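S.K.: Can you read through this structure? Questions will come right after.
Number of protein chains: 2
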Amino acid sequence: MPPHLPESTYAVLGLVDKVPDSSGYELAAVADRSFTHFWSISQTLLYRELERLTELGWVTATRDEQVRTPGKWTYRTTAAGQQVLADWLAGPDAAKGSFRSGFLLKFFFAYRMDAGQVRSLLQEYRRALQLQRDEFEAIADKLEAIRTPEAGAGKLTALHGLRTAEARLAWTDEVEALLGKDPP
Amino acid sequence: MPPHLPESTYAVLGLVDKVPDSSGYELAAVADRSFTHFWSISQTLLYRELERLTELGWVTATRDEQVRTPGKWTYRTTAAGQQVLADWLAGPDAAKGSFRSGFLLKFFFAYRMDAGQVRSLLQEYRRALQLQRDEFEAIADKLEAIRTPEAGAGKLTALHGLRTAEARLAWTDEVEALLGKDPP
DNA sequence: GTTCCCATGTAACCCGTTACATGATTTT
DNA sequence: AAAATCATGTAACGGGTTACATGGGAAC
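As you go down the protein sequences, you meet chains B and F in turn.
The first sequence runs 17 to 200 under my numbering.
The second sequence runs 17 to 200 under my numbering.
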């Protein structure tokens, strides 16, 4: 019975399970272009979690010496680790998470800005959303071609981000239309 | 020139500015039904920030003794505080924030679940989204009636949440349709 | 008479971050 | 000659959390 562990521990466990025999460095790269969008972790934290997972016996670390690149540790889930992962996935505590939007925080106080400031704030937000949308679209398209369950799950999570970004872009249109009506 | 301050400091500053002459207790209640949706803070943190804002001279604290309820401290932004707030609002660093979804994290590893688990995970998420949607709708409706700039900004931020929840609900429909085609 | 509301606070913890260090190899 | 890639780590910090304490008045 493991003590309270942060969700990030399971995130890394799942990652090792998904991409076995990878180094921390490689896992960081994968994390950075996959679940960083809904569960970002720093490089330092990733290495700490790998250490913890090894101590718990949920993953094994193997030293892999190479000729021209530095030696590296590669990881792999144990049977115990896979069981823990399955239990966590089956668990009912899926509601966890957090959301903090610097944009909304400022926008909430928009009545203390002049019209020009509000517009530039909105435009900055729009640009960020467009980048997000394009990125999610690219990921979804790329994974569309790969017909595996792993890619399927990834594609649908990307689609979640895509739909969210689209809806928020539509919201900025809505807001701009309202602001346009009301001259400063 | 203030040192690095977390965004939460400005969140509380804006809150005091928005609801002057309120106690920490009252501010916590307001925060809990307004910006907790996009910038939640704990009660402890709120009190700490009020203390910090007072020390910085951005708000003033006044003791207000009462007859049948306990005495309380009430807060009010100073001229300096209002200037700082305006500067922060005008600043370009609106991109800050964070997003972590326990649901997406699990869904990303859905290929390690059986079909029934995936369905119940989705249903749990759906229910949470419906609650969110209803809450945002109620807030937007309530603020619609109030014709002030403050209420207007609040209404639009609620609309942002509403549109997001709607889009994500539509996404769950999309996913369920796909899963329905593929029998377990 | 227990439970809820008001009102403020303390203590302890740790997750997660940024910044920095190292060093060999490969590319520009 | 400089910069990027591979690869792992240390040090220090702090923001934010949960849990707990207190205590009087009001409400059920």
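Where is the CB? At the ideal position from N, CA and C, for every residue including glycine.
Quick caveat, the model's predicted, so the values are computed rather than measured.
State yes or no: is the C-beta of R116/F within less than 7 Å of the C-beta of W55/B?
M.R.: Yes.
S.K.: Do you know how far the Cα of E67/F is from the Cα of F51/F?
M.R.: Near 20 Å, if we compare the C-alpha coordinates of E67/F and F51/F.
S.K.: Compare the Cα-Cα distances from D109/F to each of G107/B, L62/B, K122/B and report the closest residue.
M.R.: For the residues G107/B, L62/B, K122/B, the minimum Cα distance to D109/F belongs to K122/B.
S.K.: Rounded to whole angstroms, what's the CA-CA distance from D37/B to E192/F? Just pull it up for me.
M.R.: Using only the alpha carbons, I get a separation of about 33 Å.
S.K.: Could you name the residues of the same chain whose beta carbon sits closer than 8 Å to that of A77/F, not counting the 5 residues immediately before and after it, in chain order?
M.R.: Hits under 8 Å: L66, T70, W89, T90, Y91.
S.K.: If W104/F sits next to L175/B, beta carbons under 8 Å apart, how far is it from one beta carbon to the other, in whole angstroms?
M.R.: Going by Cβ atoms, the distance from W104/F to L175/B rounds to 35 Å, so no, they are not a contact pair.
S.K.: Beta carbon of R127/F, beta carbon of E81/B: below 7 Å?
M.R.: The identity of residue 127/F in the sequence shown is Tyr, whereas the question assumes Arg. Going by C-beta atoms, Y127/F is not nearer than 7 Å to E81/B.
S.K.: Helix, strand or coil: how does DSSP classify F125/B here?
M.R.: The answer is coil: DSSP assigns F125/B none of H, G, I, E or B.
S.K.: Could you give the first and the last residue of the continuous beta strand (DSSP E) run that contains G113/B?
M.R.: 113 to 117 is the extent of the beta strand (DSSP E) around G113/B.
S.K.: Where do the N-terminal and C-terminal ends of the beta strand (DSSP E) with D80/B fall, by residue?
M.R.: Residues 75 to 80.
S.K.: Along chain F, which residues have their Cβ under 7 Å away from the Cβ of Y41/B?
M.R.: What Y41/B touches in chain F: nothing, since even the nearest Cβ is about 21 Å away.
S.K.: Is it buried or exposed for R58/F, if we count other Cβ within 10 angstroms and need 16 for buried?
M.R.: Looking at the sequence provided, one finds Ser at residue 58/F rather than Arg. The residue is exposed, with fewer than 16 neighbouring Cβ atoms inside 10 Å.
S.K.: So who's on the other strand from H93/F, going by DSSP bridges?
M.R.: Note that residue 93/F is Thr in the sequence shown here, rather than His. DSSP output for T93/F lists V75/F as bridge partner(s).
S.K.: Report yes if the CB atom of G30/B is closer than 7 Å to the CB atom of F125/F, and no otherwise.
M.R.: Cβ distance < 7 Å, so G30/B and F125/F count as in contact.
S.K.: Using a Cβ-Cβ distance cut-off of 7 Å, determine whether K158/B contacts chain F.
M.R.: So no, K158/B is outside the interface.
S.K.: Pull the bridge partners of S39/F from the DSSP assignment, please.
M.R.: Answer by DSSP bridge pairing, in chain order: T90/F.
S.K.: Of the choices R64/B, G87/B, G196/B, T93/B, whose alpha-carbon is the least far from that of W74/B?
M.R.: With distances taken between Cα atoms, W74/B lies closest to T93/B.
S.K.: Thinking C-beta only, is G113/F closer than 7 Å to G168/B?
M.R.: Contact: no.
S.K.: If you draw a straight line from the alpha carbon of T202/F to that of V35/F, how long is it in whole angstroms?
M.R.: The first residue shown for chain F is 17 and the last is 200, placing residue 202/F beyond what the model contains.
S.K.: Could you give the residue range of the alpha helix (DSSP H) that holds I155/B?
M.R.: Where I155/B is concerned, the enclosing alpha helix (DSSP H) stretches over 131 to 160.
S.K.: Identify the contact partners of V28/F in chain B, using a Cβ-Cβ distance below 7 Å as the criterion.
M.R.: Result: empty, since nearest Cβ-Cβ is about 11 Å, beyond 7 Å.
S.K.: In chain B, which residues lie less than 7 Å from E166/F when you measure between Cβ atoms?
M.R.: Within chain B, the residues near E166/F are Y127.
S.K.: Is any beta-carbon of chain B found at less than 7 Å from that of S152/F?
M.R.: A quick correction: the sequence has Phe, not Ser, at residue 152/F. It does not: the Cβ of F152/F has no partner Cβ on chain B nearer than 7 Å.
S.K.: Below 8 Å on the Cβ atoms is my guess for E153/F versus L172/F; work out the distance and round it to an integer in Å.
M.R.: At roughly 14 Å, the Cβ-Cβ gap does not stay under 8 Å, so E153/F and L172/F are not in contact.
S.K.: Which residue from V28/F, R84/F, A161/F, D130/F puts its Cα closest to that of T100/F?
M.R.: Correcting the residue type first, residue 100/F is Val in the shown sequence and not Thr. Ranking V28/F, R84/F, A161/F, D130/F by Cα distance to V100/F puts V28/F first.
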